[in-house]
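The numbers in the numbering used here rise by one with no breaks, and the one at position 201 of the sequence shown is 201. For each residue, glycine too, the CB sits at the ideal point set by N, CA and C. So the structure is just underneath, and the comments pick up after that.
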Amino acid sequence: MTHQKRLNVAVFASGSGSNFQSIVDQMQAGKLPINMKLLICDRPQAQVVDRARSANVPVFLFRPQEYASREAYEQVILKKLHEHEVELVVLAGYMRLLTHVLVDAYAGRIINIHPSLLPAFPGLDGIGQALEYGVKVTGVTVHFVDGGLDSGPVIAQQPVVVSADDDAARLATRIHKAEHELYPKVIRWIAEGRVTMTGRHVQIERE
Ligand code: GRF
């Protein structure tokens, strides 16, 4: 049996946390060589906080309105990340844009998941935007985070076919299923050191 070092991960989330849960589940099943060091959350009432507590994952809760600026709370978050020796930041439904404070400190080590095939339908409600536009195929993208809105280099994408009778709820169910498969897989690739980047181009060394 090979003993590889486990990657220290922090998840940032603001909402239900179903992606956080899928990552924790895979880790607990022994399928993901990571340590879930920390959940960072900006909404004390979010369901993801309960999920973290049930999984014994430390939580750092903050209220953005209590800080003078976005940079000010990110400096505090950065200190927490360093204290927990976090190596990879995983955004999973974190409803805030990052500033240069985190983007620079963790350049190439922050990833996000978005519910569309980027660069189509960035920003809020990627699922609703795809339905409204009338595309026949949409999907899920995992990408590195840069300073822009859903604009960083693409790591992996998974298509989801839109049916004629889809409404937002039905399509969202299939999108979320795709997310829960794709995100842990990409995190495993990164933990195994198989993801490299040249400019905007991301290469995955296959198993
Ligand atoms: C997901 O659809 C993700 O793509 C988007 O926010 C949603 C988070 O869902 N960035 P959850 O909180 O993980 O359930």
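Inter-residue spacing [alpha-carbon to alpha-carbon] between residue i and residue j
| i | j | result |
| --- | --- | --- |
| Met1 | Pro64 | Any reading at Met1 needs caution, since the residue's pLDDT is 46, under 50, leaving its predicted position unreliable; the model's value is listed next. Rounded to the nearest angstrom, the two C-alpha atoms are 45 Å apart. |
| Glu87 | Phe12 | 13 Å |
| Ala191 | Arg170 | 33 Å |
| Gly193 | Arg206 | 11 Å |
| Ser54 | Val24 | 11 Å |
| Ala52 | Asp167 | 31 Å |
| Ser151 | Leu131 | 21 Å |
| Val89 | Gln45 | 22 Å |
| Gln158 | Leu117 | 8 Å |
| Glu85 | Tyr106 | 12 Å |
Residue j beta carbon less than 8 Å from that of residue i
| i | j | result |
| --- | --- | --- |
| Asn19 | Glu179 | yes |
| Ile113 | Val145 | no |
| Pro184 | Leu38 | no |
| Ile155 | His143 | yes |
Under the three-state DSSP convention, the category residue i falls into
| i | result |
| --- | --- |
| Gln157 | strand |
| Lys37 | strand |
| Gly139 | strand |
| Met1 | Residue placement at Met1 is flagged as unreliable, the pLDDT there being 46, under the threshold of 50; the coordinate-derived value follows with that caveat. Coil at Met1, not helix or strand. |
| Thr99 | coil |
| Asn19 | helix |
Cβ separation of residue i and residue j, assumed to be a contact under 8 Å, to the nearest whole Å
| i | j | result |
| --- | --- | --- |
| Val162 | Val135 | 6 Å |
| Val76 | Phe62 | 7 Å |
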